[in-house]
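So that you can map any letter, position 127 of the sequence shown is 127 in UniProt numbering, and since no number is skipped, the others follow by simple counting.
Where is the CB? At the ideal position from N, CA and C, for every residue including glycine.
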Amino acid sequence: MHHLASDKKRIISLYFAQTYCSGRTYIMPNDKNTSNFERIHNFDFNLLLVFEAVFIHGSVKKAGQTLNSSGSAISQSLSKLRLYFSDPLFVRTGQKIEPTTVAINLHAHISKNFGGIIESIINFSNQSTPHRIVIYAPPYLALRMLPDLCADIQQSEIPCEIVHLSSDSLLDNGEDILAYRKADIVLDTHTYFSASVISRLCMKEHVVPVCRKEHPRVEKLLTREAIKSESATFLNVNTVGLKRVQRDIDENLQARHFAFNSSSIFVNASVSAKTDSLSFVPKWFADNFADSMGLKILQTDFDIEPVDFYINYNKSALGNENFVKIMTKIEEHFISKMAEEDKQ
1 MHHLASDKKR IISLYFAQTY CSGRTYIMPN DKNTSNFERI HNFDFNLLLV
51 FEAVFIHGSV KKAGQTLNSS GSAISQSLSK LRLYFSDPLF VRTGQKIEPT
101 TVAINLHAHI SKNFGGIIES IINFSNQSTP HRIVIYAPPY LALRMLPDLC
151 ADIQQSEIPC EIVHLSSDSL LDNGEDILAY RKADIVLDTH TYFSASVISR
201 LCMKEHVVPV CRKEHPRVEK LLTREAIKSE SATFLNVNTV GLKRVQRDID
251 ENLQARHFAF NSSSIFVNAS VSAKTDSLSF VPKWFADNFA DSMGLKILQT
301 DFDIEPVDFY INYNKSALGN ENFVKIMTKI EEHFISKMAE EDKQ
């Protein structure tokens with residue numbers, strides 16, 4: 001019970017969490033649960049902490065020391081419990097207080113479940129328990145980065161479940177996702193400047209032009225002059241990093257004629273495979289999928305700045321040992337990947 005003081009204020013929230021949750025699946029409350037909550041909604045569950053502390057120690061003073069509360073506060077809580085249960089609960093015998101039969105029965109009914117709640121709180125903060133990491137990233141970044149990352153984590157035997165949430169490239173809301181704790185990690189094309197967030201460069205992605213293999217005019221080299229007579233696809237995104245690359249391409253090619261507009265790299269590439277429109281896609285994507293899609297990778301007579309990818313997470317998450325282990329593995333993974341690609 002020496003853990004009670006630090007956990008006192010979180011008992012009610014955990015009670016509801018355990019009532020409504022089973023494992024990772026949320027369970028809708030049934031009529032019985034709803035009725036029970038309506039009957040007991042005015043009951044202060046913190047009083048049960050006081051009751052258990054007094055019951056175990058047999059002393060108001062020792063219970064107060066355990067809960068970091070004054071003797072008068074403990075006595076006041078006992079008075080509320082006595083009123084609720086219509087029983088004195090404890091009676092003084094010499095220097096000690098003894099529980100009544102009602103108190104003994106109450107302890108017998110709640111001690112196991114109540115102790116389980118406290119244990120759950122402790123285990124929830126225990127850094128050795130399996131962890132669930134939610135990663136928020138656009139589909140391409142997830143395809144590019146998560147398979148190798150999952151393989152690395154699996155080989156390291158870190159107890160962890162990776163959950164991917166697809167981001168909308170038109171919203172650029174990664175910072176809000178972190179702020180509202182909807183994800184543990186956000187992969188994005190720009191760094192976040194919040195004092196509560198850690199941002200690290202994890203990868204650079206080069207961009208290349210592609211066209212269909214049977215393109216009637218473009219062979220291997222795409223020049224500034226040649227692009228003037230060709231149509232192109234446009235990647236409609238709202239992320240800072242990709243917009244910077246688009247500006248860089250436009251500065252080299254001047255005005256392009258866009259025949260198709262999509263927020264998906266996959267869709268743009270598929271359109272280029274069936275039409276004469278050119279697409280600019282990540283080099284990794286082209287290396288892995290261009291040939292099977294009927295596309296060819298083109299060379300250019302100009303340079304395109306690579307896209308920077310950042311891994312972003314809340315500083316507060318570093319209080320969890322398991323998260324730190326996972327982040328260390330993730331950062332090692334990306335450092336090694338960047339080193340490999342720099343050699344190529």
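| Check | Outcome |
| --- | --- |
| For N261, the three-state DSSP class (helix, strand or coil) | strand |
| Within 8 Å, strictly: CB atoms of C211 and L298 | yes |
| The alpha helix (DSSP H) enclosing D291, as first and last residue numbers | 283 to 293 |
| Spatial neighbours of S231 in its chain, beta-carbon cut-off 6 Å, leaving aside the 5 residues before and after | H257, A259, S277 |
| Continuous alpha helix (DSSP H) stretch holding R244: start and end | 240 to 253 |
| Of the residues L242, K62, T93, L83, the one placed nearest I74, counting alpha carbons only | K62 |
| Whole-angstrom distance between K296 and A290, CA atom to CA atom | 6 Å |
| Buried/exposed call for R217, threshold 16 Cβ in 10 Å | exposed |
| Chain-order list of residues whose beta-carbon lies under 7 Å from that of F114 (same chain, five-residue window excluded) | L48, E52 |
| Under the three-state DSSP convention, the category K204 falls into | strand |
| Same chain, Cβ closer than 6 Å to V163, neighbours up to 5 away in sequence not counted | V134 |
| C-beta contact flag for S77 and V50 at 8 Å | yes |
| N-terminal and C-terminal residue of the beta strand (DSSP E) that R132 is part of | 131 to 137 |
| First through last residue of the beta strand (DSSP E) which encompasses A73 | First-last for A73: 71 to 85, but that is the alpha helix (DSSP H), not the beta strand (DSSP E). |
| Cut-off 6 Å between Cβ atoms - residues of its own chain near V186, not counting five sequence neighbours on either side | Y136, G174, I177, L178, N312 |
| Option nearest L146 by Cα separation, candidates L67, N105, I335, I330 | I330 |
| Touch test, the stretch 301 to 309 against the stretch 238 to 248, Cβ-Cβ under 8 Å, three pairs minimum | yes |
| N268 beta carbon less than 8 Å from that of S279 | yes |
| Residue range of the beta strand (DSSP E) that includes R224 | From DSSP, R224 is part of no beta strand (DSSP E) but of the alpha helix (DSSP H) over 224 to 227. |
| Proximity test, Cβ basis, 8 Å: I326 and chain C | The chain inventory of the structure shown lacks chain C, comprising one protein chain alone. |
| Residues near C21 by beta carbon distance below 6 Å, same chain, minus five either side | Note that C21 has pLDDT 38, beneath the 50 cutoff, so the model's placement of it is unreliable and the number below is only indicative. If we look at C21 and ignore the five residues flanking it on each side, it has no Cβ neighbours. |
| Segments assigned alpha helix (DSSP H), at least 4 residues, entirely inside the stretch 148 to 215 | 174 to 179 |
| Rounded Cβ spacing between K283 and V207 (contact assumed at less than 8 Å) | 7 Å |
| 8 Å Cβ cutoff met for D184 and A286 | no |
| S128 to N322 span [Cα, whole Å] | Note that S128 scores a pLDDT of 49, beneath 50, so its modelled location is shaky; the value from the coordinates is reported in the next line. Their backbone Cα atoms lie some 6 Å apart in a straight line. |
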